[in-house]
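Just below is one structure, and these are the notes that go with it.
Protein chains: 2
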Amino acid sequence: MARPIRVGIVGCGTVGTAVVEILLTQKERIREKAEVEIEISKVAARNWSKKRFFEVPENLRTTDWKEVVESSDIVVELIGGVDIAKDVVVESLKRAKPVITANKHLLAEYGREIASLMKKFKTFLFFEGAVGGGIPIVKVLKETLVSNQISEILGILNGTTNYILTKMEEENIPFNVALEEAQKKGYAEANPTFDVEGVDAAHKIAILANLAFGGFVKFSEIFVEGITNVDLLDIKLGKELGYRLKLLAIAKKRNGGEVEVRVHPTFIPFENPLSNVDGVFNGILFKSNYLGELKLQGAGAGAYPTATAVVQDIIQAAKQLTCCGKIFDITALGWNDKSLKVAKDFYSRYYLRFDVEDKPGVLYQIAKILAEEGISIAGVLQQEWILKFLPKPSKVIPLIILTHKAYESKLKRALEKLENLSFIKEKPTLIRVEEEKY
Amino acid sequence: MARPIRVGIVGCGTVGTAVVEILLTQKERIREKAEVEIEISKVAARNWSKKRFFEVPENLRTTDWKEVVESSDIVVELIGGVDIAKDVVVESLKRAKPVITANKHLLAEYGREIASLMKKFKTFLFFEGAVGGGIPIVKVLKETLVSNQISEILGILNGTTNYILTKMEEENIPFNVALEEAQKKGYAEANPTFDVEGVDAAHKIAILANLAFGGFVKFSEIFVEGITNVDLLDIKLGKELGYRLKLLAIAKKRNGGEVEVRVHPTFIPFENPLSNVDGVFNGILFKSNYLGELKLQGAGAGAYPTATAVVQDIIQAAKQLTCCGKIFDITALGWNDKSLKVAKDFYSRYYLRFDVEDKPGVLYQIAKILAEEGISIAGVLQQEWILKFLPKPSKVIPLIILTHKAYESKLKRALEKLENLSFIKEKPTLIRVEEEKY
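Note that the protein sequences, when read in sequence, are chains A and B. Under the working numbering, the first residue of the first sequence is numbered 1, with each subsequent residue one higher. Under the working numbering, the first residue of the second sequence is numbered 1001, with each subsequent residue one higher.
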């Protein structure tokens, strides 16, 4: 066998520790299966006095990330964030060293810059761990689907929010109680903003849109709505109507070449293959011309699943270095200089909940305004069974309207007018509905 | 860009035709995404007068497979079967040419011989299309899960039988009617033996067991039971009990090192992620130590999905030839000389249906014999609601017994004794239950 490949790891939190554990304890298995010899050169962490679930041998420890870059053939960046992490990645690429990362934030914000460094210094960055934890979403998109035109990606890409939404439904509890529970179980961070506001899912779908459609998305152009305002009532009413509420990350190619990239709470019918992806699990559905629908589902976070993805990338790069003396990517896809034009408006079905006084003419006036804006109504629901879902007896009754597909700009204009009607007591609730039939 | 890679295709049925179509019509896309130049050298078919859905250019046509091997850098074998296909594969490997195939039959029967040729002539054979059509099952097993210990694979790997079982349940029809329907729709062949008897699924699980557990399985040692004897009554009773009936291909690693490899109709609880894989779709669940459960689901057959898998392999091989001048496999896993010891007995839960006369002492006697063999009963069902599932009023009533886990040899011994009891009117029905809770 050829000389060992030296792998250096920067960042030794839970994922970093799991990567070290797997590389050290599975060394023999990896040698036998993949026929590569992988050696950890150095592991950098700020604080080595902290107790970890796997003890990193003392001779591998350092606090200086530059020492890691210096001593390695492959650099693994697992610090996260966009500060030091960026320096590590940039410095490694400039030295033509391949980089493995799980840092979605960095890729979503600085993908273009990283891609140009890759090109300039003829090396590569791999990032399976950045999207969907251990689920091989990036590999499938880059390698399996390479000959396919992808029309649509629907993903449940954030385990924290999926856990919260599942708990709200199962245990009949509001958002803030479910969030607390998630925090207690370690599924949500003390500061859960990135997760619950949809930012984490948006980072991930930005990366996938790039790979699928071949160009960069400006992160600030992605429409992002989190789950902090989700009302338990809508989860329950939606379920009665045959829908489950999921925080969906969506990327779609429009005929004109524009792409829709968005993250928001979304109703999907029970028949949608993603509707049974529950709890902390992630799931993704690719639609493409030759393969049709392909769904992947599994552990979207957690130290070991994410480490599995990182180790997959390490082995692939090490194998290339061993067999070929250089690195290449089967398909780089979006890692070019192109930009994707993100659609400002989008086209969807909608669930609208109006809390209205129960008096004559209400439906007439709402329907009139919707008609004026060209919004076509697919269904109306205001029936007695709705009352049983209300927390307490009320004179204000929910009126549910399901629309056909419409541009959201038009819908928003209609809603502005509707808000002025005296019998509408609260700002209407708008939830997008992804109702392709499967 | 480097010189074009010449790809030759032997066999131009539906999958072969779709591969030709994709390589020719997506040439530009593949060049842009993967940065490889792929050229079809020759396509061999026995009969060129047959009309195909994509017309193969005349200058590429030949009837001589040797001409294809001669003129190509990569040989794609898509004839199927184990006769000429084997000659094509052996001859190509002997000339150190990489081979892509979708031929599960050949791999399941001659995997060991093929592997030794690969080693001897320092080349590789890739076979994503052999298992699960367009679903990247082989890639995930070889590349993503390389650092994981796989404990279990559960797969719905045959679309024909899954379609038939789905239709039986949905339309309340017996096996032979559902089979006719599948044949009319082109989902089952005129001679459906390989599919309905479970042989096709067994070929596939043999390949996966090899990859997952690192050694060859003797095909004749695999326990295979098809769906031809499945009774609609059991599908319906099972559903009432919270189970769906699927033809499952199972590979499990036992603690002692033995493996269970088997294919048979299996009850799985609604909560099992595979229970909603319906119709012609395939699905697979991998259980492994670091990643936990990973599920893939998609088009398990069909010309274009399978062609997507074949083209994935072609591009990967072409990319390696272009960048590296040689072929390598990220992980070869099971492609060594080892043999797997296949467990002769296996360990499962069981659903038993006894058609009994409704008279005192029946349950006592059945329970006594089961107890004598150490079979522990998890549940008994003989209630009035069962009667509604019977095709016509009857004095013979189904008695359902669900057992705890037991060795099948013991159960079979008990069943032999039970068959002699006078009040048991038919050979008892035995269906294995895969009831890990998810």
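Glycine is no exception: its CB is placed at the ideal position from the N, C-alpha and C atoms.
Three-state secondary structure (DSSP) of residue i
{"i": "LYS344 (chain A)", "result": "coil"}
{"i": "ASP231 (chain A)", "result": "coil"}
{"i": "SER1409 (chain B)", "result": "helix"}
{"i": "TYR1290 (chain B)", "result": "coil"}
{"i": "ILE1443 (chain B)", "result": "With chain B running from 1001 to 1438 in the structure shown, residue 1443 (chain B) is simply not present."}
{"i": "ARG447 (chain A)", "result": "There is simply no residue 447 (chain A) to check, as chain A begins at 1 and stops at 438 in what is shown."}
{"i": "ALA1190 (chain B)", "result": "coil"}
{"i": "PHE219 (chain A)", "result": "helix"}
{"i": "PHE1126 (chain B)", "result": "strand"}
{"i": "LYS449 (chain A)", "result": "Residue 449 (chain A) is absent from the model: chain A starts at 1 and stops at 438."}
Opening and closing residue of the beta strand (DSSP E) in which residue i lies
{"i": "GLU35 (chain A)", "result": "Segment: none, GLU35 (chain A) is in no beta strand (DSSP E) and carries neither H nor E."}
{"i": "ASP1152 (chain B)", "result": "This sequence places Glu at residue 1152 (chain B); Asp is not what is there. Taken as a continuous stretch (DSSP letters only), the beta strand (DSSP E) holding GLU1152 (chain B) covers 1150–1156."}
{"i": "GLU1077 (chain B)", "result": "1074–1077"}
{"i": "ARG1430 (chain B)", "result": "Before going further, note that residue 1430 (chain B) is Leu rather than Arg in the sequence given. It spans 1429–1433 - the beta strand (DSSP E) in which LEU1430 (chain B) sits, taken as one unbroken run."}
Residue i at chain A interface by Cβ criterion, 8 Å
{"i": "PRO1098 (chain B)", "result": "no"}
{"i": "LYS1319 (chain B)", "result": "yes"}
{"i": "TYR1407 (chain B)", "result": "no"}
{"i": "VAL1076 (chain B)", "result": "no"}
{"i": "GLU1143 (chain B)", "result": "yes"}
{"i": "LYS1033 (chain B)", "result": "yes"}
{"i": "PHE1213 (chain B)", "result": "no"}
{"i": "TYR1163 (chain B)", "result": "no"}
Boundaries (first-last residue) of the alpha helix (DSSP H) holding residue i
{"i": "HIS1203 (chain B)", "result": "1199–1213"}
{"i": "VAL1089 (chain B)", "result": "1084–1094"}
{"i": "GLN1365 (chain B)", "result": "1362–1372"}
{"i": "LYS1142 (chain B)", "result": "1137–1142"}
{"i": "VAL311 (chain A)", "result": "303–324"}
{"i": "VAL1069 (chain B)", "result": "1065–1071"}
{"i": "LEU117 (chain A)", "result": "104–121"}
{"i": "VAL1019 (chain B)", "result": "1014–1025"}
{"i": "ILE1100 (chain B)", "result": "Note, ILE1100 (chain B): premise wrong, no alpha helix (DSSP H); beta strand (DSSP E) at 1099–1101."}
{"i": "VAL1177 (chain B)", "result": "1175–1184"}
{"i": "ASN1162 (chain B)", "result": "1159–1171"}
Euclidean distance between Cα positions of residue i and residue j
{"i": "ARG112 (chain A)", "j": "ASP337 (chain A)", "result": "7 Å"}
{"i": "VAL1076 (chain B)", "j": "ASP83 (chain A)", "result": "48 Å"}
{"i": "ALA2 (chain A)", "j": "ARG31 (chain A)", "result": "11 Å"}
{"i": "ILE1386 (chain B)", "j": "LEU1232 (chain B)", "result": "13 Å"}
{"i": "GLY292 (chain A)", "j": "SER49 (chain A)", "result": "51 Å"}
{"i": "VAL1356 (chain B)", "j": "PHE1423 (chain B)", "result": "6 Å"}
{"i": "LYS1104 (chain B)", "j": "GLN1316 (chain B)", "result": "20 Å"}
{"i": "LYS1410 (chain B)", "j": "GLU1416 (chain B)", "result": "10 Å"}
{"i": "ILE1377 (chain B)", "j": "LEU1363 (chain B)", "result": "11 Å"}
{"i": "THR123 (chain A)", "j": "PHE328 (chain A)", "result": "7 Å"}
{"i": "ALA1115 (chain B)", "j": "LYS1326 (chain B)", "result": "18 Å"}
{"i": "ASN276 (chain A)", "j": "GLU197 (chain A)", "result": "22 Å"}
{"i": "LEU1106 (chain B)", "j": "VAL140 (chain A)", "result": "26 Å"}
{"i": "ALA251 (chain A)", "j": "ILE153 (chain A)", "result": "5 Å"}
{"i": "CYS1012 (chain B)", "j": "LEU1078 (chain B)", "result": "7 Å"}
Cβ of residue i within 8 Å of any chain B Cβ
{"i": "GLN383 (chain A)", "result": "no"}
{"i": "GLY186 (chain A)", "result": "no"}
{"i": "ARG52 (chain A)", "result": "no"}
{"i": "GLU152 (chain A)", "result": "no"}
{"i": "ARG29 (chain A)", "result": "yes"}
{"i": "GLY292 (chain A)", "result": "yes"}
{"i": "ALA209 (chain A)", "result": "no"}
{"i": "SER376 (chain A)", "result": "no"}
{"i": "GLY155 (chain A)", "result": "no"}
{"i": "LEU60 (chain A)", "result": "no"}
{"i": "LYS119 (chain A)", "result": "no"}
Residues that residue i bridges to, as DSSP identifies them
{"i": "HIS1264 (chain B)", "result": "B:LEU1248"}
{"i": "PRO398 (chain A)", "result": "A:ASP355"}
{"i": "ASN282 (chain A)", "result": "A:GLY298"}
{"i": "LYS253 (chain A)", "result": "A:VAL259"}
{"i": "PRO439 (chain A)", "result": "Only positions 1 to 438 of chain A appear in the structure, and residue 439 (chain A) is not among them; the question remains open."}
{"i": "SER339 (chain A)", "result": "A:PHE216"}
{"i": "VAL1380 (chain B)", "result": "B:ILE1401"}
{"i": "ILE1424 (chain B)", "result": "B:VAL1356"}
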